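In UniProt numbering, the protein residues as written are 1 to 373.
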């Protein structure tokens, strides 16, 4: 924005007497523009394969040599970029403006003549020669360049690394924060400078150290990364209580503690009773005291109620749940043993024929449901 304002100011301040035709030529890989006396306002742009020069106002540009082409209207000249390594703009007497696009990366030598000239560098390593008169030179691009303001009361807006000569006024701190480029990595914002407080994780490098600050304790639990294995959750940190069975490593010890299994055994024995089956033995052995046992039966010969018992001894006789009943073909018997925060046991007997039933061994995780063990 500062650059645009200076260009506009310089253009308005120029005298109305426009320059006569300037000419272009290509010599030894260098595009050379030679202006004539009078007000000259010229800009240079780079495209994929050309360098384009445009004059704003004034008479038609002179016919270039055979390398460059005069565009219709006479206000622009297009030169092929192949083999070209530099540009020289020789401005003559008068209040002139030469503005180089930042996209033009090849070096440009800007030679101002007598008068109040405005010289604006581009995207390469440029050389500025103000000449006589009160000139304004803008060379703030982070590159170390030569800036010779020449005679007169001149102003240079340039980088600290530039070599300045005969420049009466130097403006290198556009945001007036006391730090000039290149040390100030954003000279359009006074809150961004070396020594400023860098706000973590906001994507802005406020203190110009080359990187945004990082908050190593985003969840505010007092433990920084990498010790905190999940810095988005204050409940997860070294020293936190590990909750079993939830697939989360709360204490950051790299281990997830599953629910422990409920240990024990269920010995059984069956006899054939005609076309059915009678239970001879049904025992729950060595299960955790306080565990709950349920015996559920569906189908022919089953009792109508669920049998329940709390484990109090190392051996709990469950035969009373069935007694002398004869279970018919198609009946199903389940023995469930559960305890809080433990993976329970389920033994399922399926009576498809008289005598020994088919048996399934399943697990009962806390919270419900069944799964293979």
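For every residue, glycine included, the Cβ atom is placed at its ideal position computed from N, Cα and C.
Remember, predicted model here, so these are calculated numbers, not experimental data.
Would you decide whether residue 345 is buried or exposed? Buried here means 16 or more other CB atoms lie within 10 Å of its CB. Counting C-beta atoms within 10 angstroms of its own C-beta, residue 345 has 16 or more neighbours from the protein chains shown and is therefore classed as buried.
Taking Cβ positions only, does residue 47 come closer than 8 Å to chain C? Of the chains in the structure shown, none is chain C; there is only one protein chain.
Quick one: is residue 232 buried, meaning 16 or more other Cβ sit within 10 Å of its Cβ, or exposed? Note on residue 232: under 16 other CB atoms within 10 angstroms of its CB, so exposed under the neighbour-count rule.
Considering only the alpha carbon of each residue, which of 328, 335, 325 and 302 lies closest to residue 310? Measuring from the Cα of residue 310, the nearest candidate turns out to be 335.
In whole angstroms, give me the CA-to-CA distance for residue 355 and residue 278. Between residue 355 and residue 278, the C-alpha separation is close to 8 Å.
Which of the three DSSP states is assigned to residue 188 in this structure? Looking at residue 188 - three-state DSSP - the assignment turns out to be coil, as it is neither helix nor strand.
Just to confirm, is the Cβ distance from residue 337 to residue 291 under 8 Å? The criterion of a C-beta distance shorter than 8 Å is satisfied by residue 337 and residue 291.
Exposure of residue 178, with buried meaning 16 or more beta-carbon neighbours within 10 Å: So residue 178 ends up on the exposed side.
Below 8 Å between beta carbons: does that hold for residue 154 and residue 169? Yes, Cβ-Cβ distance for residue 154 and residue 169 is below 8 Å.
Using 8 Å for Cβ pairs, my map puts residue 86 next to residue 35. What's the rounded Cβ distance? Contact doesn't hold; Cβ gap of about 17 Å is too wide.
Output the boundary residues of the beta strand (DSSP E) element that contains residue 346. From DSSP, the beta strand (DSSP E) with residue 346 extends over 344-350.
Beta-carbon proximity list for residue 261, same chain, < 6 Å, skipping 5 on both sides: Take residue 261, set aside five residues on each side of it, and the residues of its chain with a beta-carbon closer than 6 Å to its own are 343, in chain order.
Nearest-angstrom Cα distance between residue 103 and residue 235? So the two alpha carbons sit approximately 52 Å from each other.
Please give the ranges of any beta strand (DSSP E) in the stretch 121-209, keeping only runs that are unbroken, at least 3 residues long and fully inside the region. The stretch 121-209 is shown to contain whole beta strand (DSSP E) runs of 3 or more residues at 127-129, 136-139, 146-148, 155-158 and 163-165, in chain order.
By the three-class DSSP mapping on this structure, what secondary structure does residue 86 have? Three-state DSSP puts residue 86 in a strand.
Supposed contact pair residue 331 and residue 374 - C-beta distance, whole angstroms, cut 8 Å: Outside the displayed span of the chain (1 to 373) sits residue 374, for which this structure offers no information.
Please state whether DSSP places residue 320 in a helix, a strand or coil. Here residue 320 sits in helix by DSSP.
Compare the C-alpha of residue 189 against each of 250, 76, 181 and 175 and name the closest. Relative to the Cα of residue 189, the nearest Cα in the group 250, 76, 181 and 175 belongs to 175.
Please name the residue in 297, 263, 202 and 108 whose C-alpha comes closest to that of residue 375. Only positions 1 to 373 of the chain appear in the structure, and residue 375 is not among them; the question remains open.
Count the CB pairs spanning the stretch 57-76 and the stretch 107-116 that are closer than 8 Å, and state whether there are at least three. Contact check between the stretch 57-76 and the stretch 107-116: fewer than three CB pairs, one atom from each, fall below 8 Å, which does not count as touching.
Cβ-Cβ distance between residue 283 and residue 317 below 8 Å: Judged by beta-carbon spacing, residue 317 lies within the 8 Å limit of residue 283, meaning their Cβ atoms are closer than that value.
Cβ neighbour criterion (16 or more within 10 Å) applied to residue 24: Buried, by the Cβ-count rule.
Proximity below 8 Å, CB of residue 157 to CB of residue 149: Against a cut-off of 8 Å, the Cβ pair of residue 149 and residue 157 comes out as no contact.
CB of residue 77 within 8 Å of CB of residue 64, strictly: Contact: yes.
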